[in-house]
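Undergrad: The C-terminal position of the sequence shown is numbered 322 in our numbering, with every residue numbered one higher than the one before it.
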Amino acid sequence: MSGSDQERSMEALRKSFAVTSPAGVETVHSNTYPTISPTRPELSQAGRTILITGGSAGIGFGTARSYAKASASRIILTGRRRNVVEKAAADLVVEFPKTKFVARTSDMAHSDDTTALWADLAVTCVSVDVLVLNAASMGSSEPIISADVDGLWSEFVTNVRSQLAFAHHFRAQEGFEEKKRNLVYLASAVTHMPGMEVAVPAYFLTKTVGQLLLQTIADAADPQKLQVNIFHPGTILSEGAMNAGMTADSLPFDDIKLPSDYGVWAATKEAEFLHGKFVWAGWDMDELRSEESQRQFERNPRHLSIRLVGI
12 MSGSDQERSM EALRKSFAVT SPAGVETVHS NTYPTISPTR PELSQAGRTI LITGGSAGIG
72 FGTARSYAKA SASRIILTGR RRNVVEKAAA DLVVEFPKTK FVARTSDMAH SDDTTALWAD
132 LAVTCVSVDV LVLNAASMGS SEPIISADVD GLWSEFVTNV RSQLAFAHHF RAQEGFEEKK
192 RNLVYLASAV THMPGMEVAV PAYFLTKTVG QLLLQTIADA ADPQKLQVNI FHPGTILSEG
252 AMNAGMTADS LPFDDIKLPS DYGVWAATKE AEFLHGKFVW AGWDMDELRS EESQRQFERN
312 PRHLSIRLVG I
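Below you can see the structure in the form of structure tokens.
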């Protein structure tokens, strides 16, 4: 992409950016707040094993820290770069010596890596209680019609197929239904923000499909056995965002502790009412549980979900 094309793409992104919230929610946070604090006893993850894809950097690493603060017993980090994921685990061990951190080199885009990862967990009798699907690919900013087909399809592999593969392996664990499990998926607000199909077309397309995939899984799941929570992490200056050409001045970015802590709250009983729904990490969860907000859910069972409307 030429420099001028990239500038136009970033301008479209800035124009489309808007902080939004549903009826009943007036407060939109840009940083963490007490309700979602992982140090709350009600949010404890003691005795649980957490697997975080893309857990070696950015939001994934922040989420690992938050789960450690919530006293998770074991946290498995996956990442494509061995040195990065191993350093991340080593750094976390120093900060949280009571939690066991496991570094696994695994590329979600490679099905053999995914199969080997879950097979090894089974052989070593490690059962994952919480699966955090964080890893994703930003893709090219080229218009879909002129983008490289193989390159675009690789984005589908990472943002859709690999998410399904991890969910399948998670569900296939021996004794899966013997206790409640949680699946936490980091979606993106690009799915409902005007102009994103121009600014980041490959990401817009594949994340929309990925989000609908997880919503479909949730629709068929009993939240008492498998609770699925889907959320937009906020506007974070992640490595992927920087690789896409963004800088600290591109947008009003949120603090990384917001999605990191929310990722823990999402795996608790308090978030069960949002099973299969799509929310923003920044929305105030106390207000979303208010009577006014609950009336929205009662009036419209499809509130906060992706549906085709208008036909």
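Glycine included, every Cβ here is placed at the ideal spot set by N, Cα and C.
Rounding to the nearest angstrom, what Cα-Cα distance links M296 and P270 in this structure?
TA: Here residue 296 is taken as the residue at index 285 of the sequence shown, counted from 1. Here residue 270 is taken as the residue at index 259 of the sequence shown, counted from 1. If I take the Cα positions, the gap works out to 13 Å.
Undergrad: Classify K73 as buried or exposed, calling it buried when 16 or more other Cβ atoms lie within 10 Å of its own Cβ.
TA: As a first step, residue 73 is located in the sequence shown; it is residue number 62 there, counting from the start. Sequence check: residue 73 is Gly here, not Lys. By the 10 Å Cβ count, G73 comes out buried.
Undergrad: Drop a sphere of 10 angstroms on the beta-carbon of Q174, count the other beta-carbons inside from all chains shown, and report buried for 16 or more, exposed for fewer.
TA: Position 163 of the sequence shown, counting from 1, holds the residue named residue 174. Buried: at least 16 other Cβ atoms inside 10 Å.
Undergrad: CB-CB under 7 Å to S301, same chain, minus the five flanking residues each way: which ones, in chain order?
TA: In the sequence shown, residue 301 corresponds to position 290, counting from 1. Cβ neighbours of S301 beyond the five flanking positions: G35.
Undergrad: Helix, strand or coil for F289, going by three-state DSSP, please let me know.
TA: Residue 289 sits at position 278 when you count from the first residue of the sequence shown. Per DSSP, reduced to three states, the secondary structure at F289 is strand.
Undergrad: Could you tell me the distance, in whole angstroms, from the CA atom of Q307 to the CA atom of W291?
TA: As a first step, residue 307 must be located in the sequence shown, where it is residue number 296. As a first step, residue 291 must be located in the sequence shown, where it is residue number 280. Distance between the alpha carbons of Q307 and W291 is about 16 Å.
Undergrad: W294 bridges to which residues according to DSSP?
TA: Mapped onto the sequence shown, residue 294 falls at position 283. Its beta-bridge partners are V39.
Undergrad: Counting C-beta neighbours from all protein chains within 10 Å, is the total for G287 16 or more, i.e. buried, or is it exposed?
TA: Reading the sequence shown from its first residue, position 276 is the one you call residue 287. G287 should be labelled buried.
Undergrad: In angstroms with no decimal places, state the Cα-to-Cα distance between K190 and I156.
TA: Residue 190 sits at position 179 when you count from the first residue of the sequence shown. Residue 156 sits at position 145 when you count from the first residue of the sequence shown. Rounded to whole angstroms, K190 to I156 spans 46 Å at the Cα level.
Undergrad: According to DSSP, is A100 helix, strand or coil?
TA: Sequence index remark: in the sequence shown, residue 100 carries index 89 (1-based). In the three-state DSSP reduction, A100 falls in the helix class (H, G or I).
Undergrad: Does the stretch 182 to 202 come close enough to the stretch 225 to 237 that 3 or more CB-CB pairs lie under 8 Å?
TA: Touching, per the Cβ criterion.
Undergrad: Mind checking G186: buried by the 16 CB within 10 Å criterion, or exposed?
TA: As a first step, residue 186 must be located in the sequence shown, where it is residue number 175. Answer is exposed; the Cβ neighbour count stays below 16.
Undergrad: Can P45 and V275 be called in contact, C-beta distance under 8 Å?
TA: The residue given as residue 45 occupies position 34 in the sequence shown. The residue given as residue 275 occupies position 264 in the sequence shown. Their beta carbons are not under 8 Å apart, which means P45 does not touch V275 by this criterion.
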